[in-house]
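Asker: In terms of our numbering, the sequence shown opens at residue 25 and continues consecutively. Don't be surprised by glycine CBs; every beta carbon is placed ideally from N, CA and C.
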Amino acid sequence: MKVLITCPRVTQSEKLFNDFFNENNYSVDYKYPEKQGFNSNELSNIYKKHELLIVGDDQVDSTFLEKASEIKLIIKWGKGVDNIDQTYCAANNIEVLNSPGDMSQFVAEHGLSLILALFKRLNLNTQMLKNNIWSKEESLSLFNKNVGFYGFGNVSNNLAKLIAPFNPRILFYDIKEIKNNYIQTGYDELFGTSDIVIIASELTNENEGIVNFETIKRMKPSSVLINISRGKIVNESDLIRALEENLIFGAGLDVLEEEPINLTNPLLSFNNVIITCHNASNTKEATISVNNEILEILKLNK
């Protein structure tokens with residue numbers, strides 16, 4: 025069995041992977057991208073008749089897959105598989121598996137960090153200090169706020185629990201009816217009522233760009249938008265326009281339409297925007313959890 029691994033987070037457990045590969049006479053190539061992931065052409069250039077792929081956020085599209093007829097199994101490092109052409113894989117008997125591990129709790133933790141950093145204006149305060157300005161900018165409190173979730177899966181459930189000590193009113197919108205102790209509401213009401221809107225949904229053809237200018241315009245001027253799922257759910261140009269018009273208090277983004285971010289992106293010019301490098305789940309604990317899950321998948325599929 026020939027294996028290609030492109031997700032750098034595998035290195036945390038590389039010895040365990042190599043032990044498994046050696047015991048089972050697998051041949052493995054580790055090829056890591058310099059940026060968020062390999063594009064389709066880059067993948068094609070490093071592909072050498074591998075039968076099993078363990079990928080990160082690489083562009084595993086039909087253009088690449090048509091040139092890689094030996095592939096039998098693709099394991100996505102982490103949960104989201106929207107970077108893999110699942111339709112092509114299903115039609116060509118290529119199995120696609122994911123490995124969510126326990127990442128949701130760490131993504132939720134990152135979401136809480138973004139909220140608090142925005143409300144407490146940490147980014148602005150730090151910038152002003154660096155400019156020798158002893159700032160006393162007024163901030164906002166998280167206590168007793170309406171917290172709205174677009175999509176209510178494991179990440180949202182974990183984040184709702186983390187926020188619980190702040191006595192929030194939790195609302196959520198989801199395409200499925202979900203029974204819990206929170207308030208399921210409509211899309212417009214979610215954005216119009218919430219002090220904090222957290223995007224925590226998988227990316228689909230139906231929701232790409234759904235958070236647009238009209239959506240953001242419904243939000244309170246004192247509200248913040250947090251995206252810890254997929255960048256393409258938010259129309260970035262519309263968000264920039266809304267920030268320019270001071271329609272919301274700020275935005276916290278772990279994901280973007282284009283990754284890595286282009287240094288000319290206007291989002292980098294706002295002191296009420298905090299951007300992280302699609303890194304919400306990148307804790308030592310999460311990495312070990314997912315790597316262990318992938319090893320179990322490998323054992324079941326050897």
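#1: Could you pull out every residue in the same chain whose Cβ sits closer than 7 Å to the Cβ of N295, ignoring the five residues on either side in sequence?
#2: Would you call L180 buried or exposed, if buried means 16 or more other Cβ atoms sit within 10 Å of its Cβ?
#3: What does the Cβ neighbour count give for A114, buried or exposed, with the cut at 16 atoms within 10 Å?
#4: Just to confirm, is the Cβ distance from I207 to L136 under 8 Å?
#5: Smallest Cα separation from L214: which of S93, V84, T239, E90?
#6: Report all residues from its chain with a CB closer than 6 Å to the CB of D219; omit the five preceding and five following residues, and keep chain order.
#7: Can you give the beta carbon distance from I194 to A184, rounded, assuming they're within the 8 Å contact cut?
#8: Among the candidates L67, Q110, E282, whose CA atom is the shortest distance from the CA of K91?
#9: Across which residues does DSSP place D219 in a beta bridge pair?
#10: Quick one: what does DSSP say Y174 is sitting in, helix, strand or coil?
#11: Kindly identify the DSSP beta-bridge partner or partners of G102.
#12: What's the call for E317, buried or exposed, on a 16-neighbour Cβ count within 10 Å?
#13: Can you find the residues in the same chain that come closer than 6 Å, C-beta to C-beta, to Q313, ignoring five residues on each side of it along the sequence?
#14: Since N259 contacts G276 with CB under 8 Å, what's their CB separation in whole angstroms?
#15: Hey, would you say P245 sits closer than 8 Å to L227, going by beta carbons?
#16: Tell me which residue opens and which closes the alpha helix (DSSP H) that F196 is part of.
#17: Let me check understanding here. Comparing Cα to Cα, which of F190, K326, T307, P284 lies closest to I139?
#18: Below 8 Å, how does it come out for the segment 46-61 and the segment 89-104: are there three or more Cβ pairs, yes or no?
#19: I need the boundaries of the beta strand (DSSP E) containing V27, first residue and last residue.
#20: What does a CB cutoff of less than 6 Å around F130 pick up in its chain, not counting 5 residues either side in sequence?
#21: Helix, strand or coil: which one does DSSP assign to A275?
#22: Once DSSP output is grouped into helix, strand and coil, what is the label at I95?
#23: I think F196 touches F167, with their Cβ atoms under 8 Å apart; what is that distance to the nearest whole Å?
#24: Taking its Cβ as the centre, do 16 or more other Cβ atoms sit within 10 Å of D43, making it buried, or is it exposed?
#25: Which residue marks the beginning of the alpha helix (DSSP H) containing N149, and which one marks its end?
#26: Near K256, which residues of its chain fall below 6 Å by C-beta distance, leaving aside the five closest residues on each side in sequence?
#27: Under the rule that 16 or more other beta-carbon atoms within 10 Å means buried, what is K103, buried or exposed?
Answerer: Based on what the coordinates show:
#1: N147, L148, Q151
#2: It is Ser, not Leu, that sits at residue 180 in the sequence shown. Burial call: buried.
#3: exposed
#4: no
#5: T239
#6: K169, N170, S247
#7: 5 Å
#8: L67
#9: BP columns for D219 are empty, so no partner.
#10: strand
#11: S123
#12: buried
#13: The amino acid at residue 313 is misidentified as Gln; the sequence shows Ser. Within the same chain, S313 has close Cβ partners G125, D126.
#14: With 8 Å as the limit, N259 and G276 do not qualify as a contact, their Cβ atoms being about 17 Å apart.
#15: no
#16: Per DSSP, F196 belongs to no alpha helix (DSSP H); it is in the beta strand (DSSP E), 193-197.
#17: F190
#18: no
#19: 26-29
#20: S305, T307, A310
#21: strand
#22: coil
#23: Not quite, the Cβ-Cβ distance comes to about 20 Å (not below 8 Å), so this is no contact.
#24: exposed
#25: 146-154
#26: L227, E232, E281
#27: buried
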